[in-house]
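Working notes, beginning with the structure itself.
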Amino acid sequence: MLNNDVMTLNYTVSPEDFTRAGEASSDVKSKLKQLGVSPEVIRKVSIAMYEGEINMVIHANGGHITVDISAEEIIMELKDNGPGIKDINKAMEAGYSTAPDSIRALGFGAGMGLPNMKKYSDEMNIETELDVGTTVRMIVYM
Amino acid sequence: MDKFFHSVYLNESLCKGCINCIKRCPTEAIRVRKGKAVITNQFCIDCGECVRICSHHAKLIRFDHTDVLKKYEYTVALPAPSLYSQFNNLEDINIVLTALLYLGFDDVYEVSSAAELVSAATRKYLEAHHDKWPVVSTACPSVVRLIRVRFPNLIDHLLPILPPAEVAAMLAREEAIKKTGLPGDKIGIIFISPCPSKVTYSKSPLGVKQSQIDNVLAIKEIYTDLLPLMKKAKESPKNLSASGKIGIGWGGSGGEAAGLITDSYLAADGIENVIRVLEDLEDEKFRNLKFIELNACSGGCVGGVLTVENPYVAKVKLKKLNKYLPVSLNHLEPAGEVTARYGSARYGSAKIDSAEDGRQFYWSDPVKYEPVYQLGGNMVESIAMLNRVEELCNKFPGLDCGSCGAPTCKALAEDIVRGNAVESDCIHILRHHIYELSDDAMNLANDSLAEDVNSDDYINILRRYIGQLSTELSNLKSAQQPDDHADEKRSI
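Those sequence lines, one after another, are chains A and B. The opening position of the first sequence corresponds to residue 19 in this note's numbering, with each subsequent residue numbered one higher. The opening position of the second sequence corresponds to residue -13 in this note's numbering, with each subsequent residue numbered one higher.
So, in structure tokens, the structure goes:
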């Protein structure tokens, strides 16, 4: 049964395909404009989600993103079955990155992924387990 | 004038109702309804792509003709720098400018002169506003219109300085009033444009309530008038030109950025490329650039749909013309004056009061976000509508065939949700309905044979089916026939 007060969007992030990274956040962005969401919220969501999407491509072999949009908030859940994050505190430091050189050569892996996701979302929590995967949940309030 | 006024329109009798323009339109503004192209005003950005693609030449552009010169006591021509790039073997810009006088103008004011002042003012703006980096150029009205409806987060980055044609119009009128003593309304300021976007600008400007440009002529229309006049002008060209490399360079993409004397810039041209850059810019992917130059046409203004020459050939010609010119002939002076048109025959009369940073060329009426893509009146309504769009998209075949008159299945779904189309506009859905009905009729016939049903009942039911089938088929037919419902749409 479709709940018409909430819009749920599902995306699969394909691994190691930089040309497609950003497709999900860009689709969410255009939908938020159709919903009449304020420009500031659109900006926060699209930047936070793009960073997350890129992280999934670089570190985790892709994954799944679910976005729930209601009149009060936007909840983004980014789930992967990647290697997990060894040291969350370190990963949250600006400039810390475990991205390989091949990725850095493409201009990514500046160590700003998680810090930016935190900066642009109103709430963020990370569940991670080594060799099992990571789930990042971000909320942006309207 | 309506803020969604447009200069592109349709010659209905030439429009075949094909899908070329709906597919090409970068903002999905065009639909084929009842066999003719119509446009949604709010989405159109006047880029002229539909004019370019229409092989039936059904798209026309509203512009003025040289008879408007008779309306005024004194006229000034404002040639866009792209005009200079249209002629073979042109060595001296003064030949074109002198030919414009022979055409009937009393004076000329080069848009490229004003462009040098805009460049100077932009350099100062960039230095004073690090917080606005990257600043996005606003010289192409189509780009500004696109940002206004689609990129709300970039509005704050727009360069709030009037485009060169507007600055030229302001200065030309001021100068003409001083020179002739005539009241402003007896003076005709007439821009010679490479594109429909700037025609629209003159009627419905951006950044200012009313444009100083009175009329707009098309390069392609006066081109043939100018050729013989240029032959004559070549014998003794008047010394009229007063712009340098920076001003003339504005005619091609990269020219505006070159005038900023920084290498921290990006210049993109062609509307699809522009959209990609804006998408990335919105996601803050380029954090270290000072300036973004964007032109809707490939090659920049020389690629405008009202020009004659191939844009890339035109760029070569501009470069050749520019080769021996000084860097810039128009300056903002610390004394609070504009030294404009330095080097021209009239130098000395062209000193105009100004702020040192060119502030008098700033926007007086800021551009605001127009959320035309919003579906419903509020969030809850919009969410329900967007859910319905998704539902419909899953139902449609996803071929984006355009047969319904919308460019994509998603666009049709949005039209339906907005109340501007119906599901059976999709010929695949319609065909499915027809199959279903004829299947039902066949089953009924078979059942009746087997069960020996009363023949009157049978005939009545069969009649009903045939009636429904005819209705569905007439839907198919009416989709291809013109009618004149237009509501908020207009023929283009």
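Glycine included, each C-beta is placed from N, C-alpha and C at the ideal position. What you are looking at is a predicted structure, and each value in this text was computed from that prediction instead of being measured.
Under the three-state DSSP convention, the category P312/B falls into: coil
Counted within 10 angstroms of its Cβ, other Cβ atoms place A336/B as buried (16 or more) or exposed: With a pLDDT of only 49 at A336/B, under the threshold of 50, the placement of this residue in the model should not be trusted; the figure read from the coordinates follows. That one is buried.
Are the C-beta atoms of S368/B and some chain A residue less than 8 Å apart? yes
Closest by C-alpha distance to L27/A, when choosing among S44/A, A123/A, D35/A: S44/A
Along chain B, which residues have their Cβ under 8 Å away from the Cβ of A42/A? The contacting residues do not exist; A42/A stays about 12 Å from chain B at best.
E96/B lies in the alpha helix (DSSP H); which residues open and close that run? Note, E96/B: premise wrong, no alpha helix (DSSP H); not H, not E.
If we count Cβ pairs, one from each stretch, closer than 8 Å, do we get three or more for the stretch 161 to 177 of chain B versus the stretch 385 to 399 of chain B? no
By the three-class DSSP mapping on this structure, what secondary structure does S477/B have? With a pLDDT of 49 at S477/B, under the threshold of 50, the modelled position of this residue cannot be trusted; read the value that follows with caution. Of the three classes helix, strand and coil, the one that applies to S477/B here is strand, per DSSP.
Against chain A, with Cβ distances strictly below 8 Å, would P146/B count as a contact? no
What does V46/B reach in chain A if we use C-beta pairs closer than 9 Å? Reading off the sequence shown, one finds Leu at residue 46/B, where the question assumed Val. Here the premise fails: no neighbours, minimum Cβ distance about 32 Å.
Thinking just about the alpha-carbon of each residue, which of E356/B, G245/B, A253/B is nearest to the one in A107/B? G245/B
I'd like the span of the beta strand (DSSP E) that includes I76/A, first residue to last. I76/A -> not in any beta strand (DSSP E); alpha helix (DSSP H) instead, spanning 57 to 77.
Output the distance between the C-alpha atoms of V97/B and S227/B, rounded to the nearest integer angstrom. 11 Å
Does any C-beta atom of chain A lie closer than 8 Å to the C-beta of E268/B? yes
Measure the beta-carbon distance from V31/A to A42/A and round it to whole angstroms, keeping in mind my assumption that it falls under 8 Å. 6 Å
Please report the distance separating the alpha-carbon of E152/B from that of G70/A. 44 Å
Where the beta strand (DSSP E) through K97/A begins and ends: 91 to 98
Return the Cβ separation of A427/B and L448/B in integer angstroms, given the expectation that the two are a contact with Cβ distance under 8 Å. 6 Å
Whole angstroms are fine: how far does the CA of I369/B sit from the CA of E400/B? 12 Å
In whole angstroms, give me the CA-to-CA distance for E(-2)/B and R19/B. 12 Å
Comparing the C-beta of A336/B with each C-beta of chain A, is any distance below 8 Å? Note that A336/B has pLDDT 49, beneath the 50 cutoff, so the model's placement of it is unreliable and the number below is only indicative. Chain A, which has no Cβ nearer than 8 Å to the Cβ of A336/B, makes this no.
According to DSSP, what are the bridge partners of A23/B? V18/B
Would DSSP call K137/A helix, strand or coil? helix
Beta-carbon proximity of G193/B to S239/B, cut-off 8 Å: no
In whole angstroms, give me the CA-to-CA distance for S477/B and A254/B. Below a pLDDT of 50, predicted positions are generally treated as unreliable, and S477/B, at 49, falls in that range; no measurement from the model is reported.
Can at least three beta-carbon pairs, one atom from the stretch 119 to 128 of chain B and one from the stretch 79 to 91 of chain B, be found at a separation below 8 Å? no
Going by C-alpha distance, which of T153/A, G129/A, M130/A, F36/A is nearest E95/A? T153/A
Could you check whether the Cβ of Q28/B sits closer than 8 Å to any Cβ belonging to chain A? no
Answer yes or no: does any C-beta atom of chain B fall closer than 8 Å to that of M25/A? yes
So if I threshold CB-CB distances at 9 Å, which residues from the stretch 47 to 60 of chain A count as touching chain B? K47, S48, K49, K51, Q52, L53, G54, V55, S56, P57, E58, I60
Taking M25/A as the reference, which of N373/B, I79/B, L157/B, G289/B has the closest Cα? N373/B
For the stretch 371 to 401 of chain B, list every residue whose C-beta sits within 7 Å of some C-beta in chain A, in sequence order. L372, N373
Does the structure place the stretch 152 to 163 of chain B close enough to the stretch 130 to 141 of chain B that three or more beta carbon pairs sit under 8 Å? no
Min CB distance N79/A to chain B below 8 Å: no
Run down chain A in chain order and give the residues with a C-beta less than 7 Å from the C-beta of M365/B. L53, G54, A89
Helix or strand or just coil, what does DSSP make of I232/B? helix
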